[in-house]
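Let me begin by presenting the structure, written as structure tokens, before commenting on it.
Residue numbers (this note's numbering): 1 to 517.
In structure tokens form, the structure reads like this:
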């Protein structure tokens, strides 16, 4: 198809969003419109919307260095569509899963065995373990502590948001959930009203929100669900520090304090009792996580098909196997899946008796984690198929699934929106958000426990004295206050985007695969 060239407007570093539309007309008289996403002050992306196909097209916009060269903004739309197709399929299919599986088997599992062995045979924290191995490795515990702090800050924000929505979900037991309807928000699209209001008269009061959303979003396949709009309202994602709302939502402020308070309490309890009751704690964590996964998977099977879900991962993109960057990312996610390279496994294993076998523990942990990832991914895809069928009822299964993936819906939003059409939606939503809270809280608490333990051993090694219980409490409180202050900036209006760096490189593998599905 031949296409004319289009010219992009210059977007400066201070402009947040272009308000007017540009358009381009193909030789075949197919017309496309250009709009933009929020640039957030450091460039941005343009979105080319095909009116007939309802597909989203991504295109580059100007940067500060390119403002002098207007010719840089002439792009061939045909080439643009081809590049966009490659972007959407950057990790679609089996390529990343192959890379992840190889790194999981050849790197993560051997590292898990090594860390459990080091912790069990030394009965010490990562600081003492690496000091025993070689004085030259004394800097490794410092690097581990830095990684633990970064991970704890990022995950504490996600736990904070999960806590807010968990509490709000519980209120659904006596009143309607706030994401039951669109609440008059004009860019919100409630697909549950489609059957009732698709052909309703314009003056139908009950369908006013739906008709308004249809008018506002009629030229765009991207439709914000009630939960997505409520989530955006809570985290104030579209605001910035120059707006009137320069403070986070009160729910987030209180929830972040509760998260760090619980993390401090868990770390202090762990220092005193976890070494003696590690197996009980691990067993309870395993049972709780298994229960959440089982409930989620059973709910997904009731609305979707396992075979159809698996088929979405079978698209061959084998050229990605030659990408060094993707191999590095896969290796990092494989290590994070088993919590190795952070010192947590070394410290947990230090509570084990010296002569206990290691191999079976490593095998059990590796298999359980792999099953957890597989079942959770399949559950998400099944919920995606169900939500796509409700949101785009007049398209075939392949097209509507493609629309959902290009939308970049949050997995949380998709699952909870499906829960709203099932019995006891508030209970299912509460269980879902509690799982999103429980696992990050375990991680933050364990990380704090490891850092405090390393500080204790560092002090004992330098002074030949042990810290008193009061001093340990002071260290824990100081870490909690520091973590709260650092995490606070991530819940500021508009600053939720700062977490995308952590999401891309250092958060959950499931969210990473889902985001690029």
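Backbone N, C-alpha and C define an ideal beta-carbon position, used for all residues, glycine too.
Whole-angstrom C-beta distance between residue j and residue i, which should lie under 8 Å
i           : j           : result
residue 117 : residue 358 : 6 Å
residue 382 : residue 309 : 5 Å
residue 100 : residue 334 : 6 Å
residue 370 : residue 96  : Going by Cβ atoms, the distance from residue 370 to residue 96 rounds to 15 Å, so no, they are not a contact pair.
residue 207 : residue 196 : 7 Å
residue 362 : residue 112 : 5 Å
Minimum C-alpha distance to residue i - residue among the options
i           : options               : result
residue 230 : 259, 253, 180 and 266 : 180
residue 435 : 159, 101, 482 and 248 : 159
residue 265 : 194, 459, 331 and 441 : 441
residue 294 : 361, 329, 378 and 400 : 378
residue 121 : 472, 346, 384 and 380 : 346
residue 447 : 131, 342 and 390      : 342
residue 226 : 108, 207, 184 and 480 : 184
residue 106 : 211, 491 and 327      : 327
residue 287 : 98, 349 and 368       : 368
residue 493 : 452, 318 and 235      : 235
residue 469 : 168, 482 and 452      : 452
residue 133 : 349, 119 and 340      : 119
residue 176 : 466, 480 and 429      : 429
residue 124 : 483, 348, 374 and 305 : 348
residue 593 : 465, 303 and 340      : Examination of residue 593 is not possible in this model, given that the chain is present from 1 through 517 alone.
residue 479 : 170, 268, 384 and 190 : 268
residue 414 : 303, 247 and 284      : 303
residue 232 : 178, 284 and 211      : 178
residue 128 : 467, 484 and 454      : 454
residue 312 : 485, 401 and 463      : 401
residue 169 : 420, 445, 486 and 149 : 420
residue 98  : 110, 318 and 210      : 318
residue 483 : 146, 471 and 211      : 146
Alpha-carbon to alpha-carbon, residue j and residue i
i           : j           : result
residue 157 : residue 256 : 7 Å
residue 292 : residue 252 : 24 Å
residue 114 : residue 161 : 35 Å
residue 263 : residue 137 : 29 Å
residue 437 : residue 249 : 18 Å
residue 307 : residue 260 : 41 Å
residue 337 : residue 188 : 36 Å
residue 427 : residue 365 : 30 Å
residue 449 : residue 376 : 28 Å
residue 518 : residue 416 : Past the boundaries of the shown model lies residue 518; the chain is included only from 1 to 517, so the question cannot be answered.
residue 299 : residue 151 : 30 Å
residue 174 : residue 166 : 15 Å
residue 193 : residue 443 : 40 Å
residue 323 : residue 94  : 14 Å
residue 418 : residue 490 : 29 Å
residue 332 : residue 392 : 36 Å
residue 320 : residue 397 : 26 Å
residue 537 : residue 385 : For residue 537 there is no data in the structure shown, the boundaries of the chain being 1 and 517.
residue 425 : residue 171 : 11 Å
residue 380 : residue 290 : 16 Å
residue 154 : residue 374 : 24 Å
residue 524 : residue 481 : Shown here, the chain extends from 1 to 517; a query on residue 524 therefore has no answer.
residue 314 : residue 439 : 29 Å
residue 285 : residue 395 : 42 Å
residue 305 : residue 360 : 33 Å
residue 325 : residue 103 : 13 Å
residue 372 : residue 149 : 25 Å
residue 462 : residue 301 : 57 Å
residue 135 : residue 467 : 23 Å
residue 110 : residue 210 : 54 Å
Secondary structure of residue i, DSSP reduced to three states
i           : result
residue 197 : helix
residue 103 : helix
residue 69  : Because residue 69 carries a pLDDT of 36, less than 50, the predicted location of this residue cannot be relied on, and no value is offered for it.
residue 188 : strand
residue 447 : helix
residue 308 : helix
residue 479 : helix
residue 84  : Because the pLDDT of residue 84 is 35, which lies under 50, any placement of that residue in the model is unreliable, and the question is left without a value.
residue 232 : helix
CB contact below 7 Å: residue i versus chain D
i           : result
residue 467 : In the structure shown, chain D cannot be found, because there is only a single protein chain.
*How do the stretch 440-459 and the stretch 135-154 stand: do at least 3 beta-carbon pairs fall below 8 Å, yes or no?*
yes
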